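One structure is given below, encoded as structure tokens.
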Amino acid sequence: MASTVKELEPKMVWEYFESISQIPRGSGNEKAISDYLVEFARQHQLEVIQDKALNVIIKKKASPGYENAPVVILQGHMDMVCEKNKDTVHDFLKDPLDLVVEGDYIFARGTSLGGDDGIALAYGLALLASDNIPHPPLEVVFTTSEETGMEGAANLDCSHLKGKILINLDSEEEGVFLSSCAGGARAHLILKTQWVKEEKSGPVYSIQIRGLKGGHSGQEIDKERANANLLMGRILYSLQEDMHFDLISINGGAKDNAIPREADAVIQIESKNIEKLMKIIEKWNDILKNEYKKSDPDIEVKIELVREISSEHLSEEIKGKIIHILMLMPNGVQSMSMDIEGLVESSTNLGVVITDKEEIRFISALRSSVESRKRLIINKIKVLASFVGADFLLKGEYPAWQYAEDSKIRSLFTNKYEELFGKKAEITAIHAGLECGFFAEKIKDVDIISLGPNMKDIHTPNERLSISSTKNTWELLLAVLKEIK
Ligand SMILES: [Zn+2]
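Just so we're aligned, residue 1467 is where the sequence shown starts under our numbering, counting upward by one.
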């Protein structure tokens, strides 16, 4: 068994993997790695383009006999997520990664490995440097800042590219080919505050929703987990049917792309209603524990006395609007894919509600693998905003890569995979964004697949890349390229 990177096969791939691991390349710090790629191209006398976003495109002519083959784009991102263990001394701006080979895995001591997506660079450079691998004309595209919002891909000028076949090398499971991804955006609904400034006595309570599981707003949106912000809306709606209260603030959730686990509302009531309020809170505990007994068994509504006097509260009109928004905001799974079983096609998550002096902001992260359905969710939130006289802002939009019924590149990979390894490949999709969405949007009729070797615990110091799987995926890639004539 090999114990150093130098002894690993395929040699060229690991050689380049080792060289790029010497160059710090966290998202936003890509100048050095980008220049390294340009220098590599110059040394190998290959055509190269480096743009303002530091994306690099390297072109290589077909090997003999493949001059008339269609151009193939190979793509991955040059940046990596920088994570280290608490006790690790490592400067991600200066220090090289400390690669370790152990059994079938390679990892970096104390830090993330950047196998995501360093392996795409290693494959790409090995192919570009080779003189004995049969392949069609290649356009190898290395993008920047994928991990922090896909800015490289968003800014890439695809008119430099002639290829209509794109192989994205940014997946982490051998034999599982991605065929679609979600597009998304952040929708901000902004309601201007109106404060009523008056000294008022009466108990001020904080209502707190706690104990929810939360989770990733894409991957876990189909698990029927409670959204703390929306539950607070339900509780306030029901409360106003039973008594008058003033709303002082409402806050919930920390990130738009996480299902909110906690929410807090501060209200003031009249002293005569204390007992009634306690009963209502108790009732809501029962209702929610019943509704969410499977998905959020630890759900809890708490109430806490904060003070006995208030100096200002939101106007009755604004309170009403907040409750309207929380009762009507689209949320959760909106549609399921009919192409891939069990895949969420469209969803939205009201992740954050914040009250400050000037405004109450409601932020939703929405997704769909069908562009028009993404637009539908955006428009629903827009309509709600205009209904209540709130402002609407759309941020961080990224495009979907819609599932294609017929994909030649997918069939080719599927067939070759079975031929080489005697197993059926799996075709799947993810309810999250990939750079493929930008290429699908920018290159007309492009045929895309996304794949990669087995990796574990990416984006953590435990990230590991399988050596045998790296070899298998390389062989598969070469077998497919050989076939494209
Ligand atoms: Zn990646």
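All residues carry an ideal CB built from backbone N, CA and C; glycine is no exception.
These numbers come from a predicted model, not from an experiment.
Start and end residues, alpha helix (DSSP H) containing residue i
i: VAL1849; result: 1837-1853
i: ASP1708; result: 1694-1708
i: HIS1790; result: 1782-1794
i: LEU1563; result: Where LEU1563 is concerned, there is no enclosing alpha helix (DSSP H), given that its DSSP letter is neither H nor E.
i: MET1744; result: 1740-1757
i: THR1880; result: 1874-1887
i: THR1936; result: 1933-1949
i: GLN1509; result: 1497-1509
i: ASN1621; result: 1617-1621
i: PHE1608; result: Here PHE1608 belongs to no alpha helix (DSSP H); instead the beta strand (DSSP E) covers 1604-1609.
i: GLY1903; result: 1902-1908
Cβ distance (whole Å) where residue i is taken to contact residue j below 8 Å
i: LYS1742; j: MET1793; result: Rounded, the Cβ-Cβ distance is 22 Å, inconsistent with contact.
i: ALA1519; j: GLY1618; result: 5 Å
i: GLY1629; j: VAL1538; result: 6 Å
i: SER1667; j: GLU1774; result: 6 Å
i: LEU1886; j: GLU1941; result: 6 Å
i: GLU1825; j: LYS1658; result: 6 Å
i: HIS1626; j: ILE1499; result: Contact doesn't hold; Cβ gap of about 20 Å is too wide.
i: VAL1810; j: ILE1687; result: 6 Å
i: PHE1558; j: PRO1476; result: Incorrect: roughly 28 Å between the Cβ atoms, too far for contact.
Same chain, Cβ closer than 6 Å to residue i, neighbours up to 5 away in sequence not counted
i: ARG1575; result: ASP1564 and VAL1566
i: SER1493; result: ASP1545, SER1611, GLU1613 and THR1614
i: VAL1732; result: SER1672, ILE1714 and SER1715
i: GLY1684; result: ARG1833, HIS1897 and ALA1898
i: GLY1590; result: LEU1540 and VAL1606
i: LEU1850; result: LEU1794
i: ASP1764; result: GLY1677
i: TRP1750; result: ILE1701 and VAL1767
i: VAL1662; result: HIS1779 and SER1781
i: ILE1893; result: PHE1643 and SER1645
i: LEU1754; result: ILE1765
i: GLU1513; result: LYS1525
i: ILE1486; result: GLY1584 and LEU1587
For residue i, the nearest candidate out of the options (CA to CA)
i: PRO1536; options: ASN1723, ILE1631 and GLY1618; result: ILE1631
i: THR1609; options: ASP1636, SER1596, ILE1599 and PRO1603; result: ASP1636
i: ALA1507; options: HIS1790, LYS1526 and LEU1559; result: LYS1526
i: VAL1772; options: GLY1718, PRO1669 and GLU1728; result: PRO1669
i: ASP1943; options: LYS1755, VAL1819, ASN1717 and ALA1588; result: A small correction: the amino acid at residue 1943 is Leu; Asp does not occupy that position in the sequence shown. Among LYS1755, VAL1819, ASN1717 and ALA1588, the Cα nearest to that of LEU1943 belongs to ALA1588.
i: ILE1875; options: SER1916, ILE1701 and ILE1746; result: SER1916
i: ASP1517; options: LEU1622, THR1814 and ASP1553; result: LEU1622
i: LYS1759; options: SER1776, GLU1837, SER1830 and LEU1678; result: LEU1678
i: LEU1644; options: ASN1634, VAL1555 and ARG1930; result: ASN1634
i: PRO1530; options: GLY1888, SER1596, PRO1476 and GLU1863; result: SER1596
i: ILE1843; options: LYS1755, ALA1831 and GLY1681; result: ALA1831
i: GLU1707; options: PRO1603, LYS1689, ASN1739 and LEU1931; result: ASN1739
i: ARG1841; options: ALA1856, GLU1863 and LEU1878; result: GLU1863
i: PRO1602; options: VAL1555, LYS1552, THR1554 and ASN1534; result: ASN1534
Pair within 7 Å by beta-carbon distance, residue i and residue j
i: LYS1846; j: PHE1858; result: no
i: SER1801; j: ARG1691; result: no
i: ASP1822; j: HIS1779; result: no
i: GLY1649; j: GLY1903; result: yes
i: ARG1839; j: SER1812; result: yes
i: ALA1895; j: SER1646; result: yes
i: ALA1720; j: ILE1675; result: no
i: GLU1549; j: PRO1927; result: yes
i: ALA1586; j: MET1478; result: no
i: ASN1920; j: GLU1640; result: yes
i: HIS1654; j: ILE1789; result: no
i: ILE1735; j: ILE1769; result: no
i: TYR1827; j: ILE1599; result: Residue identity differs from the one stated: residue 1827 is Arg in this sequence, not Tyr. No, Cβ-Cβ distance for ARG1827 and ILE1599 is not below 7 Å.
i: ALA1651; j: LEU1860; result: yes
i: ASN1717; j: ILE1820; result: yes
i: LYS1787; j: VAL1854; result: yes
i: LEU1696; j: ASN1797; result: yes
Other residues of its chain near residue i: CB distance less than 8 Å, five sequence neighbours each side excluded
i: ALA1906; result: PRO1865, ALA1866, TRP1867, GLN1868, VAL1912 and ILE1914
i: ILE1933; result: ALA1468, LEU1474, VAL1567, ASP1570, TYR1571 and ILE1572
i: VAL1547; result: GLY1492, SER1493, SER1578, GLY1580, ASP1582, GLU1613, ILE1924 and HIS1925
i: GLN1660; result: LEU1780, SER1781, GLU1783 and ILE1784
i: PHE1879; result: PHE1643, ALA1891, ILE1915, LEU1917, LEU1942 and VAL1946
i: MET1744; result: ILE1769
First and last residue of the uninterrupted beta strand (DSSP E) at residue i
i: LYS1861; result: 1857-1864
i: ASP1582; result: Where ASP1582 is concerned, there is no enclosing beta strand (DSSP E), although the alpha helix (DSSP H) it sits in stretches over 1581-1595.
i: ILE1473; result: Looking at the sequence itself, residue 1473 is Glu, so the reference to Ile does not match. No beta strand (DSSP E) contains GLU1473, which DSSP labels as neither H nor E.
i: GLU1513; result: 1513-1516
i: GLY1817; result: 1810-1821
i: CYS1647; result: 1642-1647
i: ALA1729; result: 1729-1734
i: ALA1574; result: 1571-1574
Other residues of its chain near residue i: CB distance less than 7 Å, five sequence neighbours each side excluded
i: HIS1510; result: LEU1594 and ALA1595
i: MET1616; result: TYR1864, GLY1899, GLU1901 and PHE1904
i: ALA1856; result: LEU1655, ILE1656 and LEU1657
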